[in-house]
Structures are given as C-alpha cells and as structure tokens.
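Engineer: Mind looking over this structure? Questions follow.
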Amino acid sequence: MKQTNKQNIEGFSAGTAAEALPEMGLIVSVMAGLAAAWIAAGSIGLLAHPLRRTLTLAVLAIAILAQRPFPRLKITNLISLPVAIGLAIYMISLPIPVINVIGVSLVPASLALSSGGQTKRMQLIASVAIAVFGLYRMAFTCVPIVWSISDILGRVLGDIGGFISHQSVYVGATFAGLDFLVLMSVLWLLWLASSPKPRMTRAIYGLLGILGGHVCYLIVLSYIPEILTFVPEPAEQTDWTWAAFFHKAVPWNVPVLACAIHLLVAAAMFRWSKWYRDDSDVIAYASKHSGRLQYILLPAALVLAVLVPVMLALFPTTLSLQGKKIVFYEKGFLNWLKPEHGQYGRLSSGMYGMLPVYVESMGASTLISPDLSEDDLRDADALVLLFPDEPWAKGQLERIWQFVRKGGSLLVMGEHTTIDSDGSNRFNEVLEPTNIRVEFDSGTYAVGGWLQSYDAITHPATIGVRDKHNQFGVVIGASLETGWPARPILIGKWGWSDMGDQGSSRAMMGNGQYDSGEKLGDLILVAEQPVGKGRVIAFGDTSSLTNGINVNSYVFTSRLFGYLAGDVKNAHPIWRQLLGILICVLLIGLLMWKLNGWKVAITVLCLCGSLIISNKVSQSAGEIFPDGRHKTPNNLAYVDSSHLEAYSGESWRPDGIGGLILTLMRNGYLAHSLTDLTAERIMKADLLISIAPSRSFSKNERELIRDFVVNGGNFIIMAGLNHAEPSRSLLSMFGFTIGRRSPDLPEPEAMGYFKSPYLSSGEQQVFVRFHAAWPIECNDPNTRIIANGHDDLPVIIIRPLGAGKVVVIGDTCFAMNKNLEWEGGEPFEGMRENADFWRWFITQLRDEQMWVPPALQVPTESEQETIEPEITDQEAAN
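Taken in order, the sequence shown gives residues 106 to 983; the numbers are from the working numbering.
Written out as structure tokens, the structure is:
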C-alpha cells in the first residue's frame with residue numbers, strides 16, 4: 106500500500122511538472138529577501154547601523170511590492186500579512202543584529218502564507234533559508250567554538266583564492282564571504298528537495314554556480330592591495346572625488362560583490378528550473394500521511410526555539426564588586442597621574458590615576474602593588490597588568506600563575522608593536538601558559554575608534570554593550586592570536602592587522618596601509634582562557650582603562666571588572682557550547698523538514714522573544730554602576746549623552762567636552778557620560794550636566810531629575826535660545842525660562858561673545874567668558890544670580906531646591922572646548938578664566954569653603970574674609 110501511494114505521488118508530480126518559469130517579479134521578490142538578510146547581518150560591508158537597518162527595510166519593501174501575483178485578498182491575508190510586516194519592522198529596528206536577520210524571514214514566510222503554487226514554494230524556501238542563516242549568525246556570535254571554526258574556514262577560503270591568483274590573502278569569515286556560502290548552501294538544499302526528479306544534473310549545476318561565483322569573488326579580493334595602489338589616494342580626507350569614494354569603499358565594502366554574484370546565481374537557479382505549476386494538490390495528498398507528524402514538529406520546534414537563546418545567551422548570575430579586592434601592578438609603560446589644576450590640555454589627563462578611584466566607586470578595594478608579593482596577592486580577586494615593559498623579577502611569574510590556578514583572575518593589557526631584540530615581550534611572557542599571544546602589529550580600524558565596527562561574542566562582560574560611541578574603548582592596539590581552549594570576547598570586524606616594522610620611527614608601527622598578507626577583518630581584540638580554577642583575559646590595547654577613555658567605556662569595563670572578580674570562572678564551558686550547537690542543529694533540521702509557513706513564522710517569533718528576554722536578563726544581571734556615595738562628599742558626576750546633546754562625541758573637537766571632563770576630574774569628580782537616564786545611575790551621583798539636548802525629556806525623566814535634585818543632587822543645564830525648545834518643559838518645571846517668557850513678548854537679542862564679572866575684591870574683579878549667551882529668568886525669589894550679560898540680564902542662575910540645586914546657563918557652548926580648554930592646553934587670550942570659574946563655582950555648588958581665583962591676589966586669610974561675591978541689584982532686591 107505504501108509503495109502504491111508513493112507511486113501515485115510521483116506519478117502526480119511527473120504529470121504536473123512542466124517548464125513553468127516563475128514570473129520575473131517573483132524572482133525579484135525572493136532575491137530581495139535574500140539580499141535583505143545579508144544586509145541585516147552586516148555581510149555586504151561596512152555600514153553604519155542606522156543605514157544598515159534602513160537599507161534592510163527598503164529592500165524588504167521591494168520584496169513585498171515585486172511579488173507577482175499579489176497575495177490573495179482573503180481576510181486571513183489582510184490580517185496576517187500586515188502583522189508579519191509590522192513584527193519584522195520592529196525586529197529589524199532592535200539593536201541586536203541577530204534579531205534583525207531572523208526578523209527578515211517573517212516577510213517571505215508571510216508572503217508564502219498569502220500565496221499558492223510556485224510563489225508559495227519559492228517564498229517558503231527563502232524564508233527557511235534566511236531563518237537557518239539567522240541561527241548560524243546567532244551561534245557565530247554566541248558560541249566561541251563556532252566563531253573560531255568559521256574564522257579557520259574563512260582563512261582556508263582566502264588561501265584558495267590566493268592560491269589561484271598567486272597572491273597572499275589572509276581573511277576571516279567576514280571578508281571570506283562565509284555568510285553567503287551558508288545561506289546559499291541551505292537555499293541549494295531546499296531548492297533541490299523542492300524540485301522534481303531527476304535532480305543530479307541540477308544539483309551539480311547549482312553547486313558549481315555557487316562555488317564558481319564565490320571563487321571569482323575571492324580572486325578579486327586577493328588583488329585589492331594592488332588595485333588600491335593604482336588609484337591615487339586623495340590628499341585631504343574631505344575631498345569628495347571618485348578616488349576618495351573608492352578608498353572609503355575599498356576594501357570595506359568589497360563583500361557587496363559576493364552578494365551580487367550569489368544573487369545572480371540564486372536567480373538563475375530559481376528562474377531556469379522545473380517547478381510544479383500548482384502543487385497544492387500534492388501538498389494536500391501528502392498532508393494526509395504526515396498530519397500527525399506535523400503536530401509533533403511544530404511543538405518540538407517551538408521548544409527548541411526557546412531553548413537556543415537560553416543555552417547560548419542567558420547569563421543570570423549577578424555581577425558585583427562589593428567587597429572584592431583588585432590589585433594593580435605598579436610598574437609598566439604607564440603613570441598613575443590624575444588631571445591637576447595648573448596643567449591643561451589632552452596630555453594633562455594622566456593615564457591611570459582615576460582607575461583605582463573608579464574601581465572603588467563600585468564597592469571594591471584596590472591596591473597598587475610594587476612587586477606583586479604573596480601578601481599583596483593572597484586575598485585578591487583579580488590582578489591587572491597594564492602594559493608591563495620591564496623584565497620580570499625572580500619569582501613574579503610563578504606567583505602570578507599560582508594566583509591564577511588557585512582561582513584568581515588575571516587581566517593583561519597589551520599594546521601594539523611591542524617587541525624585544527630576541528622577539529619576545531612582557532605580555533607574551535606572562536601569557537606563556539595560555540594559548541593567547543599578543544601580535545607584533547597594530548589592529549587598525551576603518552572608522553576611528555572602531556565605531557560600529559565590533560563583533561562582540563555574547564558574554565557577561567559584553568552583552569547589552571553597544572558600539573555606537575565606542576563604549577568598548579579600544580583604539581589602536583595589537584590584535585591577538587588564539588588557539589584552543591582560548592576564545593575571543595571582542596572582535597574588530599572592520600579593520601586590518603597592520604604588521605609592525607622594527608625599523609619604523611613610529612613606535613615600530615607599520616605603514617598604515619592594507620598590504621597583501623595582512624589579516625583583513627575579524628581581528629581578535631580581547632580574548633579569554635580558563636586556567637586551573639581561574640581565568641585570564643587579555644587585551645591588545647590599554648586604552649579602555651585610561652582616564653580619558655573610561656569616561657565612556659565604563660559601561661563595558663564595569664562589567665569586565667565584575668566578571669573578573671566574580672565567582673563564575675568560565676562563561677562558555679565546553680558542555681554548554683556543544684549542547685547549544687546540538688540544539689541549533691536540531692532546530693535547523695525541524696525547520697528544513699516539511700516546509701510550513703506557520704511553523705517558520707511562529708518558531709522565529711519564539712526564538713526572538715526568548716533571545717530578547719535572555720539579553721534583558723543578562724544585561725540587568727551584569728550592570729554595575731559607579732556610586733559616588735562611597736566618598737564624602739559624593740564624587741560622581743555624569744554628563745548626559747542620552748538626549749542627542751549639542752556637543753561633539755569626539756572629546757577634543759572644538760565643540761567637544763574633553764576640557765569639561767578634565768575640569769571635573771581636577772575638582773575631585775569621577776566623571777562619566779550618561780548613556781541612559783535612569784534612577785539606578787543618577788541617584789548615586791552628585792552632579793548631572795545636560796548640554797543643549799535635542800531630544801525632549803519624558804515626563805518620567807523630568808520627575809526623576811526633580812527627585813535627584815530634591816534629594817541632594819546638583820543639576821546643570823546649558824542651552825541658548827536656539828537650542829532651548831527640547832528642554833522647555835524641564836526648565837518650566839523648575840521655573841526657568843530661556844529667552845522669552847511668553848510668545849506675546851518680543852524675542853530678546855542674542856548677546857554673543859562677552860565676559861562677565863562674577864567675583865570681586867575691592868576694585869579687582871574676575872571674569873567668566875561666554876561664547877554665545879542668551880538671557881534667562883526664574884520665577885523663584887530665592888535664586889542666586891552668578892553672572893549677568895548685557896543690560897544686566899542674568900545668564901547664569903542657581904536655584905536651591907530641596908537638598909540640591911538647579912543651575913541654568915544660557916549658553917550652549919559654555920562648557921565646550923572652544924570656550925573652556927583647548928586640546929593643546931593653550932590659554933584663552935593668555936588667561937584661564939573659565940577654568941578658574943569652574944573651580945570656584947564647584948565649591949559653591951557643593952557648599953564647600955570658597956576657592957578664590959588667583960587673579961584676586963588675596964595673600965592672607967584675613968583678607969579673604971573681605972571677599973564676597975558681587976551682589977547684583979536683583980539679589981539686593983531679593
């Protein structure tokens with residue numbers, strides 16, 4: 106009987122199969138879905154995250170509009186298709202690239218559910234292939250073994266291209282185009298399984314097309330260094346010529362060529378193949394014999410979809426530094442200086458002087474050890490080596506490794522192009538018991554600061570940390586070479602390994618150009634290896650922990666220290682990696698077996714929901730915030746960066762705030778940028794600064810800032826009238842107005858640049874300078890005017906509120922470098938007026954003994970008692 110049924114199905118299939126070529130619109134629709142998946146994954150080259158997501162949505166729109174015929178207008182289609190598209194848009198908008206990819210699969214799945222015949226079959230194949238590709242990307246970013254194997258495969262593919270072209274090619278999975286091969290391999294299998302017999306010839310042609318096209322891409326890639334030498338590089342970075350565009354796009358967007366090749370191959374596979382004119386009867390016939398199996402497949406797929414993120418991305422253990430001890434080795438290519446009054450500019454920031462203060466703000470104790478003695482290490486939880494450059498003393502390495510094997514954590518911060526005459530360096534000497542090595546190179550980025558150029562392995566120290574503003578803090582350091590059982594934590598996706606040159610006058614750095622044989626893409630920047638009961642984490646760069654960069658990278662380094670000092674010594678045990686891979690494989694099998702649009706859609710939604718929850722739980726468990734209340738007075742200050750503020754994200758641009766950060770540090774503050782305005786952060790701080798935000802504060806945020814001030818915090822907001830609108834509701838809550846009080850009143854004139862006295866002694870006065878100020882007002886009679894502008898209109902006002910203070914400064918650029926502190930430290934017209942103003946002003950905010958600017962030249966304590974702030978007419982009236 107079974108044999109008869111099989112013959113009937115085959116006979117029916119043979120009878121209905123024909124050279125029915127799909128409509129070109131359908132081919133375009135399917136190809137657009139595949140392209141959207143590769144764009145969402147970042148496979149086609151370097152794209153800013155907003156642009157990547159926007160392009161993904163634009164290409165998906167093409168996929169929807171290009172399908173012919175249009176989906177059948179049934180009531181279920183009218184509901185399911187818009188819902189699926191809406192969910193896809195939401196998933197693509199999330200800051201998790203894996204979910205962006207998986208979300209793409211919803212669109213072809215929904216188009217398949219709304220169609221029949223060839224359209225349904227082809228869209229189902231595309232949907233399942235994209236979902237499987239999304240699972241691969243999840244494993245790639247969550248399972249170190251998968252990443253390492255993919256990196257090896259990428260190198261093999263590069264070697265193949267180099268062998269054919271006689272060029273030296275060293276690439277990882279990204280530039281080798283492994284993403285394209287993974288998706289195309291699944292597509293090829295499903296295409297074969299869904300086409301009529303015989304299949305052998307079709308299988309060979311399809312496979313040769315995929316492999317041959319990819320080899321062509323690899324050959325072109327191998328010639329990129331030579332091609333770059335033939336195109337003149339523009340003299341100025343701002344030149345917008347075809348040569349400038351070429352050097353910006355190559356080699357970083359060369360993978361788009363692989364995308365185009367594989368889309369052409371896939372289009373040929375789908376266009377010129379035998380398809381059933383209408384397979385609905387075949388599906389109905391087969392469903393009679395597989396209905397029970399379908400009832401089993403869907404629940405099994407859903408269970409596995411929930412389990413995959415739990416196994417790969419869930420780290421529920423709470424990280425904490427409370428009561429932990431962190432030891433820093435005193436010696437190395439470093440200093441322990443902090444910013445100090447009298448020293449100005451970028452080079453006055455010091456290197457690591459703020460690091461112990463920062464670690465202690467999270468509840469740990471710190472020790473700077475001169476010799477790493479047994480007593481210093483005995484009760485330590487973690488040891489930090491910052492660019493060690495002196496020969497190890499007798500017994501030091503043995504003590505370090507005894508400390509690690511007994512359960513301690515070791516953090517080694519290496520640096521680029523460091524080597525002795527015998528080929529060794531201190532980093533690799535201390536890393537000798539591991540399979541991690543610091544390379545003699547410079548891991549060089551395509552975009553400054555690796556902005557939006559990282560691939561972070563899912564890890565307690567990285568989960569939830571974005572790379573929009575280089576929160577990881579890595580700049581140009583060395584790349585790392587790893588071998589099993591070492592595994593990567595942080596990868597520089599868009600960069601290259603610029604090999605060192607011992608004869609170079611630039612600290613042995615290379616030529617700053619991508620050359621043949623240098624690794625292109627997927628550089629390991631941070632790696633980890635369990636050793637004994639402890640673990641070792643190595644960086645190829647020291648920047649993340651420096652005074653200036655940890656202002657932003659604390660989001661990552663706080664988690665890093667919490668993980669180092671925590672009880673979980675291995676974030677990715679081998680059993681968890683292998684079990685996670687097994688679950689992924691089983692889920693892939695269930696998705697590819699018995700194609701079904703509802704199974705794909707529901708499985709994808711369960712998978713993404715589980716991943717979102719796992720990420721949220723892990724992110725919350727790993728968050729550690731500095732707490733200024735550990736010191737008296739509270740020493741924590743935040744500068745808001747969560748509302749599209751007017752200042753530049755590059756610290757030492759004229760519109761940057763590098764000078765403000767150093768000013769806060771000189772006055773005893775631990776200064777950080779505030780990426781999220783939450784109670785967990787600001788209620789532990791003393792000072793919050795907002796500089797002309799472009800995004801309005803929500804009602805909850807306004808109430809939170811009010812509670813912060815009432816409970817003793819100090820809030821400073823700076824904005825001119827031209828930037829005041831987004832802050833208007835917040836200012837109104839505190840009784841302030843910038844510019845006009847009412848629309849009926851005439852708009853005040855801008856005051857522009859001027860200086861205003863704020864303190865006097867007899868006939869002597871000290872001044873504060875403004876860049877472009879506007880008048881401000883406050884309806885509270887208890888305010889204090891600090892400085893006036895033209896016509897004695899206030900430009901700085903303090904209002905006491907509860908136990909804290911609100912300060913409004915009517916100048917957007919008041920605290921920017923161009924009005925406070927230049928990168929080189931040069932004075933403004935020979936003076937440090939605003940640096941002195943902030944030093945005096947902070948003592949007023951904190952109700953401390955007043956610091957008097959040196960310009961007043963008060964030699965004795967008795968004379969200081971005669972110095973009083975200048976009293977304005979308005980203050981006298983109050």
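Idealized CB from N, CA, C, for every residue including glycine.
Taking only three categories from DSSP, how would you classify LYS910?
Structural biologist: Three-state result, LYS910: strand.
Engineer: For THR1051, name the three-state secondary structure that DSSP assigns.
Structural biologist: Coverage of the chain is limited to positions 106 through 983, which leaves residue 1051 absent and any answer about it impossible.
Engineer: Just mark ARG510 as buried or exposed, buried being the case when its beta carbon has 16 or more other beta carbons within 10 Å.
Structural biologist: Exposed is the call here.
Engineer: Pull up the distance between the alpha-carbon of ASN740 and that of ASP812, whole angstroms please.
Structural biologist: Each residue's alpha carbon lies about 19 Å from the other.
Engineer: Tell me the start and end of each unbroken alpha helix (DSSP H) in the segment 190–254 that is at least 4 residues and wholly inside, in chain order.
Structural biologist: As far as the segment 190–254 is concerned, its whole alpha helix (DSSP H) runs of at least 4 residues are 202–209, 211–218 and 222–247.
Engineer: Do three or more CB pairs link the segment 131–144 to the segment 163–172 at distances below 8 Å?
Structural biologist: Result yes; three or more Cβ-Cβ pairs closer than 8 Å.
Engineer: Kindly confirm or deny that the segment 537–547 and the segment 579–599 touch, where touching means at least three C-beta pairs closer than 8 Å.
Structural biologist: As far as the Cβ criterion goes, the segment 537–547 touches the segment 579–599, which means the pair count is three or higher.
Engineer: My understanding is that PRO635 touches PRO593, with C-beta atoms under 8 Å, so please give their C-beta distance in whole angstroms.
Structural biologist: Not really, about 14 Å apart at Cβ, beyond 8 Å.
Engineer: Quick one: is VAL212 buried, meaning 16 or more other Cβ sit within 10 Å of its Cβ, or exposed?
Structural biologist: When all chains shown are included, VAL212 counts as buried.
Engineer: Suppose contacts are defined by Cβ-Cβ distances below 8 Å. Is ARG684 in contact with PRO731 by that definition?
Structural biologist: It is worth fixing the name first, because residue 684 is Leu in this sequence and not Arg. Contact: no.
Engineer: So is SER526 buried or exposed if we call it buried at 16+ other beta carbons inside 10 Å?
Structural biologist: Flag for SER526 reads exposed.
Engineer: Quick one: is ALA298 buried, meaning 16 or more other Cβ sit within 10 Å of its Cβ, or exposed?
Structural biologist: Its Cβ having fewer than 16 others within 10 Å, ALA298 is exposed.
Engineer: Using 8 Å as the threshold, is the C-beta distance between ILE729 and SER663 below it?
Structural biologist: Yes, the Cβ-Cβ distance between ILE729 and SER663 is below 8 Å.
Engineer: What would DSSP say about GLY582, mapped onto helix, strand or coil?
Structural biologist: Strand, per DSSP.
Engineer: According to DSSP, what are the bridge partners of ILE473?
Structural biologist: Paired residue(s): PHE433.
Engineer: With LEU488 and GLY437 assumed to form a contact (beta carbons below 8 Å), what rounded beta-carbon distance in angstroms separates them?
Structural biologist: Rounded, the Cβ-Cβ distance is 13 Å, inconsistent with contact.
Engineer: With a CB to CB cut of under 8 Å and the five nearest residues on each side skipped, what residues in its chain are close to TRP296?
Structural biologist: Contacts found: ILE230, GLY311, MET374, PHE375 and SER378.
Engineer: Would you list the one or two residues that DSSP bridges to SER861?
Structural biologist: Bridge partners of SER861: VAL873.
Engineer: With a threshold of 16 other CB atoms inside 10 Å of the CB of GLN576, please say whether the residue is buried or exposed.
Structural biologist: Label assigned to GLN576: buried.
Engineer: My parser needs the alpha helix (DSSP H) runs of 4 or more residues fully inside the segment 719–796; what are they?
Structural biologist: Listed in chain order, the complete alpha helix (DSSP H) runs (minimum 4 residues) inside the segment 719–796 are 763–771 and 784–787.
Engineer: How is the alpha helix (DSSP H) around ILE315 delimited, first residue to last?
Structural biologist: Residues 305–327.
Engineer: Do ALA406 and LEU692 have their CB atoms nearer than 8 Å?
Structural biologist: Against a cut-off of 8 Å, the Cβ pair of LEU692 and ALA406 comes out as a contact.
Engineer: How about VAL911 and PHE859: do their beta carbons lie closer than 8 Å?
Structural biologist: No, the Cβ-Cβ distance between VAL911 and PHE859 is not below 8 Å.
Engineer: Express the C-alpha separation of THR647 and ALA940 in angstroms, rounding to a whole number.
Structural biologist: Looking at the two C-alpha atoms, the distance is approximately 29 Å.
Engineer: At what residue ranges does the segment 552–621 contain a whole run of the beta strand (DSSP E), taking only runs of 3 or more?
Structural biologist: 559–561, 585–587, 592–597 and 600–604, all fully within the segment 552–621.
Engineer: Pick out whichever of ARG611, ILE629, GLU537 and HIS735 has its Cα sitting closest to the Cα of TYR463.
Structural biologist: Comparing Cα positions, the closest option is HIS735.
Engineer: May I ask you to report which of helix, strand or coil DSSP gives VAL673?
Structural biologist: The answer is coil: DSSP assigns VAL673 none of H, G, I, E or B.
Engineer: Could you please give the first and the last residue of the uninterrupted alpha helix (DSSP H) stretch that includes GLY685?
Structural biologist: GLY685 -> alpha helix (DSSP H) spans 679–697.
Engineer: SER861 and GLY915: beta carbons closer than 8 Å?
Structural biologist: No, they are not a contact pair.
Engineer: Taking the straight line between their C-alpha atoms, what separation do you get for GLY434 and LEU650?
Structural biologist: In the sequence on display, residue 434 carries Tyr and not Gly. Cα to Cα, the separation comes out at about 14 Å.
Engineer: Looking at the C-beta of PRO538, does it have a partner C-beta in chain B at a distance below 8 Å?
Structural biologist: Given the protein chain composition of this structure (a single chain), no chain B is represented.
Engineer: Considering only residues of the same chain and omitting the five flanking positions on each side of ASN984, which have a CB-CB separation below 6 Å?
Structural biologist: Any question about residue 984 goes unanswered here, given that the chain covers just 106 to 983.
Engineer: Throw me the rounded Cβ distance for the GLY468 and GLY428 pair, which I believe falls under 8 Å.
Structural biologist: Confirmed, about 7 Å.
Engineer: Starting from ASP284, trace the alpha helix (DSSP H) both ways and give me its first and last residue.
Structural biologist: Its alpha helix (DSSP H) spans residues 283–298.
Engineer: At which residue ranges does the segment 884–942 contain complete beta strand (DSSP E) runs of 3 or more residues, listed in the order of the chain?
Structural biologist: Whole beta strand (DSSP E) segments, 3+ residues: 889–893, 899–906 and 909–914.
Engineer: Kindly confirm or deny that the segment 712–729 and the segment 194–211 touch, where touching means at least three C-beta pairs closer than 8 Å.
Structural biologist: Yes, since at least three Cβ pairs between the segment 712–729 and the segment 194–211 fall closer than 8 Å, the two stretches touch.
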